Ligand code: MRU
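Numbering (the numbering used here), first residue to last: 2 to 348.
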């Protein structure tokens with residue numbers, strides 16, 4: 002694959018003194034970047050899902066800490082570390098499920114604890130490294146995942162796991178990108194209700210790259226599998242427990258159950274920063290519940306009406322429904338606690 006083929010849309014652009022965030026709520030109609038100079042702004046960008054996708058959230062948070070250090074070293078030279086710690090706590094509350102957020106904040110915190118002569122430079126370099134390493138990991142995973150797809154005719158993906166959700170290139174969508182460079186592949190994308198990451202983001206991203214894609218309603222997935230059109234479902238992850246249980250966008254678990262019924266293989270693609278070694282299984286993952294208004298039509302959003310909405314935005318797929326977890330450090334087939342720990346040895 003040429004370098005040109007690996008260039009994708011950028012969800013995040015670091016300018017050296019600010020972070021530009023592509024407002025994904027406005028895609029595909031409008032391509033608008035908002036610019037942030039402080040951690041509070043970046044926190045808001047994550048909470049409101051201007052930036053979303055586990056790796057991209059982690060990278061944005063890392064830049065948020067960099068902005069905090071730049072700001073507070075200038076404004077509060079005496080107690081800048083305490084002010085930055087407050088910003089880190091704020092960023093940690095932006096969204097609960099994607100572990101990449103906490104992983105990135107830990108990396109930044111680790112540096113702040115040491116005595117630094119030029120904290121701004123060190124912290125910015127760390128955020129930039131987290132960003133660059135994510136792209137490198139995605140390209141590696143793209144190749145490893147594509148190896149599993151040799152001879153495969155059709156795949157389905159869920160949510161958006163592309164450049165928009167990562168530092169660049171993508172996880173599950175990175176595998177699809179790499180595979181389409183090697184062979185012809187029919188790509189199906191589920192709409193991903195209620196936020197429509199599939200319909201608004203994945204389809205747009207693939208269209209930008211000239212990769213043909215077919216959109217389907219989430220509720221059409223069983224029928225697609227029954228038709229025999231797909232051999233694999235390929236998804237990303239927000240948090241993978243030590244036993245391979247995987248939290249990802251709501252609807253992923255349904256797809257895994259359907260895949261089992263139809264003998265379709267199920268691939269999870271995620272960098273090792275998405276693995277939470279501190280939890281033994283998926284029951285320990287906090288599932289974000291978002292506002293009912295993301296689901297309810299406006300006309301039901303009135304005082305006195307007895308119409309509620311249940312809006313969990315992630316679910317957990319048990320490891321035993323997963324055929325392969327692809328990371329930049331290797332592939333775990335049929336994940337089990339032992340399998341994931343074997344991977345840890347190569348990190
Ligand atoms: O709510 P979102 O859009 O942040 O959820 C994103 C997902 O669930 C993705 O599938 C996951 O973060 C992997 S992205 C490479």
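Positions of the beta carbon are idealized from the N, C-alpha and C atoms, including for glycine.
Model, not experiment: these values are computed from the prediction.
query                                                                                                                                  : result
Sequence-distant residues of its chain with Cβ nearer than 6 Å to residue 291 (five each side left out)                                : 312 and 314
Cβ-heavy atom distance, residue 227 to the ligand MRU, below 6 Å                                                                       : no
Integer Cβ distance of residue 226 from residue 175, believed to fall under 8 Å                                                        : Not a contact, Cβ separation roughly 23 Å.
Buried/exposed call for residue 125, threshold 16 Cβ in 10 Å                                                                           : buried
Every unbroken beta strand (DSSP E) within the region 211-252, with a cutoff of 3 residues, ordered by chain                           : 215-217, 233-236, 240-242 and 247-250
Residue 290 - DSSP class collapsed to helix/strand/coil                                                                                : strand
Status (buried if at least 16 other CB within 10 Å, exposed otherwise) for residue 51                                                  : buried
Backbone CA spacing between residue 19 and residue 147 [nearest angstrom]                                                              : 36 Å
Alpha-carbon to alpha-carbon, residue 215 and residue 204                                                                              : 8 Å
Coil, strand or helix - residue 313 by DSSP                                                                                            : strand
Cross-strand partners of residue 23 (DSSP beta bridge)                                                                                 : 34
Best match in 23, 63 and 293 for proximity to residue 308 [C-alpha to C-alpha]                                                         : 293
Nearest-angstrom Cβ-Cβ length linking residue 63 and residue 109, presumed shorter than 8 Å                                            : 6 Å
heavy atom of the ligand MRU below 6 Å from residue 52 C-beta                                                                          : no
Contacts around residue 121, its chain only, beta-carbon distance under 7 Å, and the 5 residues preceding and following it disregarded : 70, 71 and 74
For residue 66 and residue 92, believed in contact at Cβ under 8 Å, the rounded distance                                               : 7 Å
Coarse secondary structure for residue 72, derived from DSSP in three states                                                           : helix
Range covered by the alpha helix (DSSP H) that runs through residue 40                                                                 : 40-48
Nearest-angstrom Cα separation, counted from residue 14 out to residue 199                                                             : 23 Å
Cβ-heavy atom distance, residue 77 to the ligand MRU, below 6 Å                                                                        : no
Residue 162 burial status per 10 Å Cβ neighbour count (16 or more: buried)                                                             : buried
Three-way DSSP call (helix, strand, coil) for residue 348 in this model                                                                : With a pLDDT of 37 at residue 348, under the threshold of 50, the modelled position of that residue is not reliable, and the figure given next carries that caveat. Three-state result, residue 348: coil.
Cα-Cα separation, residue 269 to residue 43                                                                                            : 28 Å
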